[in-house]
Each structure stands twice: as C-alpha cells, then as structure tokens.
Amino acid sequence: MSDRAMLDWSTDADSPVPPSSWGRRSPTAPVLPWAFVALVGALIAGRFLLAPYLTSPALQTWATIFVAICVQALPFLVFGVLLSAAITAFVPASFWTRALPRRPYAAVPVAGAAGAVLPGCECASVPVASGLMARGVTPAAALAFLLASPAINPVVLVSTAVAFPGRPEMVAARFAASLVVAVLAGWLWLRFGRAEWLRVPRRATGRGWGAFQDAMRHDLLHAGGFLVVGGVAAATLNVVVPRSWLTAIAENPWLSVLALALLAVVLSICSEADAFVAASLTAFSPTAKLAFLVVGPMVDLKLIALQAGTFGRSFAVRFVPLTFALAVGVSVVTGWVLL
Amino acid sequence: MSQGLVLLLLGGAVLRISAFSTSYLNYVKPGFRPFLIAAGAVVFILGAIILVQEWRKPAKEGPDEEHGEEHAHHDDGHGHDHAHGPRVAWLMTLPVFAIFLIAPPALGSYAAARDDVAPPPPAREVVEGYAPLPDGQAVAMPIGEFVGRAWGDPKRSLTGKRVRLTGFVVKGKKKDTWYVARMQLNCCAADALALKVAVKGAPAPAENTWVEVTGTWIPPKSDKLPNGTVPPEIESVSVVEVPQPTEPYE
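From first to last, the protein sequence lines stand for chains A and B. Taking our numbering, the leading residue of the first sequence gets 5, the next gets one more, and so forth. Taking our numbering, the leading residue of the second sequence gets 3, the next gets one more, and so forth.
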C-alpha cells in the first residue's frame, strides 16, 4: 500500500488540502493537533520554568526508576510487537495447526517448550502470545508459551549461569520449575478456564503489510500504555518500601520464600537481569532465590498491567493468582529436590 | 491522529536520550544503546506513518474500499474505537513528561542511603581469585572491586596498597561518618544496588558531590562480622572533587 500512499500524498500536496480535508472531518478532530502543539509548547516552557523546581530527591529518584523501567522495557516490547505483528500478518493460520499437536492437552507442553526459542523478556512475550491466539492457537497453549518463554530462553539461562558461578543446579532448577509451572497453568486453564474470561484479540483476516502495520499499531498503543501503568506502580513501591524490611524476614524459611516471591512481583525486573539481583540477596535461602527467579518472569506489576490490558481484566484477576500460587508451590518443591 | 502524535513524541524522547545525548546512561547499561535507538526509531517511524495516513484519510474516504474494510473490523468487540486509539495510550506521554520536565538524574545519595549496606558482590573473582596489586602509585579501581577485595579475598590483596575510588558522597546515620558510594546496575536503574565505602580521615564534602578518594584499606578489627553488615573502610590521604562521570553507574 505504500506505493499508492506516496503517490496520493504527492498529488495531495499540490492541492490546497488542509481546508477541504478539515471540513470533512468530525468536529473534534481538528482540535487534537492544536492541543498537541500546546502540549509540546508546555513541555518546552516547562523545561525552563518548572524543571528547576522539580528537584526533590524522592521525586527525582522515583522519576529515574520510572523512566528506567519504561526505557529498559521498550526495546523488548517493540521487538515483541514486531514479532507478533509478523506472526499475524505473514504466517498462515494453517502453519500453527500443523506445527502444534491437534489435541490441546498435548499442545500445551509443546508450546511451553517452544518458549525456549524466543530470546526476550516478559514484555515481549505478551504481544507474541496474543498474536498466537489471534492466529487460532489454543489459548491454553499460547498461555503456556507466554509463561515459559521469558524464563527458559537461552539468554536468560546464560545470565543465570553467570550470576550464580559454580552453581549449575540453579540454572537447571530455574528451567525445570518454570517449564513445569507454565505447563501446569496451561492445563489448568484448559480444564477449568472459560472462554468468556479471556478476551482473545481478534484481528484483521487480511495479510501483508497493511495487516502488519495495523497489528503493530494496535499492540503498541495498548501494551505501551499498560507498560507505563506497571512502571508507575513498580517505581512507587520501589521508592516507598524500604528493602531493610526484607532482611528482617530472611530468617524464617517459609516467610522468606513468600517475601522474595512478592519482591519479584514488586520490583518488576526484566527477566534477563533478575538473576543478578537474586544472587545479591545473600541473606536468603537458595529456595527463596529460586522462587524469586520463577515468579519474576511470570507475575510482576508491569506484566499484570500488560496482561489486563491485552486479555482483559477478568482474565488477569483469575490468571495472575493462579500463576503466582503455582510458581511459589513448584519453586518450593523444586528447591527441596534440587537445591 | 492523536495516537500517531503520542508515538511520535515517545519515539522522539527515546531517541533524544539515546541517540543524541548520553543521558540514557542514567537509566540503563551502556550496551543498551543500539536497542534503544532501534526501538525509538521504530516507534517514531510508526507514529509518522500513522500521522501521514490520518492526514490523507478524509480526502479519500469514499472511494477507498480498502479503507472500508478497515472500518468493518474496527468494531470487533473491543468496546472502543480504533480510529481514536485506546485511552490508555495517552499514558505513554507520561515518561515523555518525566524525561523533559524532571530530567531524572542518575540515582544519587537519596537512593544509596536507602539501602543500608549492599550485599557482597558474588562476582566471578571470588571464585577465581583477585590479581595482586602493584606497589607505589595509587591504583584506580571500581568501588565494587574494592568491596569485593575487602570482603571476599582470602589473600587480603588490599593490605597496605594505595587505591583511588571515584563515587558520590553519602552521609552516614552517625555524625562524622560518610561514604563514597556508587550504584551498581545489572540491567536498569530499578535494580540498582548501592556500593559504599566508609571514608576516614577527611571531613565530609557536601552530599552528592562526586569525589575521588585516595587512600588505603583499613582491615576490620575482627573477622566475626559477616560480610554485608558493615561497609569496608578506607583511610584517606586526599579527597578531590571531580565532575560526574558520563557513566554514573558501575
């Protein structure tokens, strides 16, 4: 469509377009560009007038962490959105029916294991899973992929190995526990989940660049907005909750597992870096660290916001507690067996 | 229209902090730059494409059948109109506001004072052992390495060696104690850990100033205190104010 678009644009450019086109638009539309010009003006003015006063250390720390979370997640989100749009627009639906086992119960573990090939973090996996669903993959299988891929892909496993030198069992435990949680969650959703809880993103049936761009814009606008919601929540808790509370809990073996699982939810660290943070929490038992590593990529504040935005609130309300309980339970069992 | 502008702004802001300045170093690791530039460019270009399309739209609304089809699937049970984009997309201007209005600086003494003491870095060096330090002139070393050598080196390679540490000033809870500190990043500023070394033998400069501390390690009086409860100490010979390095984190 781009060729024609360029041609049309150039012919339009010759004619006195703006007045005639504005006349045809809905009455509210022309306001927006001007609101926007005002916005940019306010930004530039604020930069000089307001910025010298916004210097409270707490506010600045909050802003740094908030911007850091958004900025750090954006490349992964864009990558996920690109991949998802490519799946929607260029991979025929028949591919998935051939690639995945016909029976849904068999498709779940296959999709979970397939998560190992997507080298991204959790922000990338949400749009990709939604793209898979839109292409007719069983929702439970797409969910298993969603949970597994940020935890078991090679980049994350290598970074875990680097963060825990001389402890390969940590990598094995993380891989095993994450895959088990993903498959169990998929099966449970298949058995008990209802179709009306999940808002399966329906997309254009069209193919090619038009559909690609349409899918990209849809995903990016949704996921990007919800990513910001998660970033605000994570940055606020990061600044407000002192970490010294945690060390007080580290003594108790049961509480410490729960405490690190909750910390993983609150911090919303990218799964490619969380192993380093886990390794630095030396006061905690290996099982508690494993819980941190298993919960983090599956349940955290920015991920909850992304899931709620992509699949609907009634989905997130059920799926998030289910995943969290499974992740903690499986981590405890795995830690007991392997670590 | 508005969604295109939101994306244009966000992409522009990301490009501004990554491609046209080094302020992205306040938020993420240096190696992240190419990804940030790529992501910023994609968002920016997508925003521009949307804008161009919306601009053309009214003129060719009637005869364009492709466009009609687009409208048909827009009512697909989402409960919102795609032409105006989801409301939540407006939130994407929030980081833009933060970047331009607050211009968030690198994490400083406020963040460093919140962590009581960072845990010992479980670096590979602890397993492989540290290289011995030369005698004579002061060796510049990252604060993380200093802490690692002080806590995790069985050969006590720091003993009697003169070193130079660069970091910002954090006041201690007790009077007269102050630390030279640096934040350590693994991925982004959200996971930053404070590395602190207590400085003895010099009055405290103003909070948050960047200093270069030259001195020697003071071995702890007893080995009983476990690592991570008390920061290592340095007996300073000189404390010089320096400008903030471009890469504020270790």
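Backbone N, C-alpha and C define an ideal beta-carbon position, used for all residues, glycine too.
Host beta strand (DSSP E) of residue i (start-end)
i               : result
L195 of chain B : L195 to K202
T101 of chain A : Where T101 of chain A is concerned, there is no enclosing beta strand (DSSP E), although the alpha helix (DSSP H) it sits in stretches over A97 to A103.
S240 of chain B : E235 to E243
K173 of chain B : R164 to K173
W219 of chain B : W212 to I220
Residue i versus the options, residue with shortest Cα-Cα distance
i               : options                           : result
M220 of chain A : A:L307, A:P169, A:A265 and A:S88  : A:S88
V54 of chain B  : B:Y26, B:L7, B:G131 and B:V199    : B:L7
G110 of chain B : B:E209, B:S23 and B:V232          : B:E209
G84 of chain A  : A:A133, A:E276 and A:E173         : A:A133
G212 of chain A : A:E200, A:I253 and A:A90          : A:A90
W258 of chain A : A:A295, A:V233 and A:L225         : A:A295
V233 of chain A : A:A265, A:A254 and A:S272         : A:S272
P143 of chain A : A:T164, A:P123, A:E200 and A:A120 : A:E200
D193 of chain B : A:R51, A:H222 and A:V281          : A:V281
E214 of chain B : B:K223, B:I236 and B:Y112         : B:I236
Q159 of chain B : B:P134, B:A142, B:P88 and B:P144  : It should be noted that the sequence gives Ser, not Gln, for residue 159 of chain B. Nearest of B:P134, B:A142, B:P88 and B:P144 to S159 of chain B, Cα basis: B:P134.
P154 of chain A : A:E173, A:L86 and A:P131          : A:P131
V321 of chain A : A:F216, A:L202 and A:L224         : A:L202
F323 of chain A : A:N256, A:A265, A:W193 and A:L224 : A:W193
S163 of chain A : A:G214, A:P56, A:A110 and A:P123  : A:P123
With 16 other Cβ atoms within 10 Å as the buried cut-off, status of residue i
i               : result
S98 of chain A  : exposed
A108 of chain B : buried
E56 of chain B  : buried
P22 of chain A  : Note that P22 of chain A has pLDDT 47, beneath the 50 cutoff, so the model's placement of it is unreliable and no number is given.
V201 of chain B : buried
R28 of chain A  : Note that R28 of chain A scores 45 on pLDDT, short of 50, meaning its location in the model is unreliable; the coordinates nonetheless yield the value given after this. The residue in question, R28 of chain A, is exposed, as its Cβ has fewer than 16 Cβ neighbours within 10 Å.
G70 of chain B  : For G70 of chain B, the predicted model reports a pLDDT of 38, less than 50, meaning its position is unreliable; a value from the coordinates is still stated below. Classification for G70 of chain B: exposed.
R178 of chain A : buried
R184 of chain B : buried
L53 of chain A  : exposed
I104 of chain B : buried
S182 of chain A : buried
N157 of chain A : buried
Q139 of chain B : exposed
G190 of chain A : buried
Y251 of chain B : buried
W340 of chain A : exposed
V160 of chain A : buried
P136 of chain B : exposed
D83 of chain B  : At D83 of chain B, the pLDDT of 42 sits below 50, so the modelled position is not reliable and the matter cannot be decided from this model.
V243 of chain A : buried
T248 of chain B : exposed
P113 of chain A : buried
Residue i and residue j closer than 9 angstroms at C-beta
i               : j               : result
T92 of chain A  : G135 of chain A : yes
G170 of chain A : A148 of chain A : no
F170 of chain B : A114 of chain B : yes
A146 of chain A : A186 of chain A : no
V44 of chain A  : L11 of chain B  : yes
N28 of chain B  : T68 of chain A  : yes
L343 of chain A : P290 of chain A : yes
G316 of chain A : A91 of chain B  : no
V182 of chain B : A72 of chain A  : no
Q5 of chain B   : G49 of chain B  : yes
D278 of chain A : A268 of chain A : yes
The alpha helix (DSSP H) enclosing residue i, as first and last residue numbers
i               : result
M137 of chain A : E126 to A138
G186 of chain B : A quick correction: the sequence has Gln, not Gly, at residue 186 of chain B. First-last for Q186 of chain B: W180 to Q186, but that is the beta strand (DSSP E), not the alpha helix (DSSP H).
P134 of chain B : It is not in any alpha helix (DSSP H) - P134 of chain B carries neither H nor E in the DSSP assignment.
Y112 of chain B : S111 to R116
M143 of chain B : Where M143 of chain B is concerned, there is no enclosing alpha helix (DSSP H), given that its DSSP letter is neither H nor E.
I39 of chain B  : R35 to R58
F288 of chain A : Segment: none, F288 of chain A is in no alpha helix (DSSP H) and carries neither H nor E.
Q64 of chain A  : P61 to F94
F149 of chain A : P143 to I156
Y251 of chain B : Premise fails: Y251 of chain B is in no alpha helix (DSSP H) and is neither H nor E.
G234 of chain A : G212 to V244
P113 of chain A : P108 to A118
K306 of chain A : L305 to F315
S159 of chain B : Taken as a continuous stretch (DSSP letters only), S159 of chain B belongs to no alpha helix (DSSP H), as it is neither H nor E.
Distance cut-off 8 angstroms: residue i Cβ against heavy atoms of the ligand ATP
i               : result
Q186 of chain B : The ligand content of the structure shown is nil, which means the ligand ATP is not present either.
Chain D contact residues for residue i, given Cβ-Cβ distances below 8 angstroms
i               : result
C274 of chain A : The displayed structure is made up of protein chains A and B, and chain D is not among them.
Would you say the region 69 to 82 of chain A touches the region 114 to 127 of chain A, given that touching needs at least three Cβ pairs under 8 angstroms?
Yes: the two stretches touch, three or more of their Cβ pairs being nearer than 8 angstroms.
Can we say the region 293 to 301 of chain A touches the region 35 to 54 of chain B, given the rule of at least three CB pairs closer than 8 angstroms?
As far as the Cβ criterion goes, the region 293 to 301 of chain A does not touch the region 35 to 54 of chain B, which means the pair count is below three.
Would the region 62 to 76 of chain A and the region 182 to 196 of chain B be scored as touching if the rule is three or more Cβ pairs under 8 angstroms?
Yes, since at least three Cβ pairs between the region 62 to 76 of chain A and the region 182 to 196 of chain B fall closer than 8 angstroms, the two stretches touch.
Report yes or no: do three or more beta-carbon pairs, one from the region 13 to 32 of chain B and one from the region 328 to 339 of chain A, lie closer than 8 angstroms?
No: the two stretches stay apart, fewer than three of their Cβ pairs being nearer than 8 angstroms.
Flag this pair as touching only if the region 170 to 177 of chain B and the region 137 to 156 of chain B have three or more C-beta atom pairs under 8 angstroms; answer yes or no.
No, they do not touch.
Is the region 230 to 243 of chain B close to the region 193 to 207 of chain B, with three or more CB pairs under 8 angstroms?
These segments touch.
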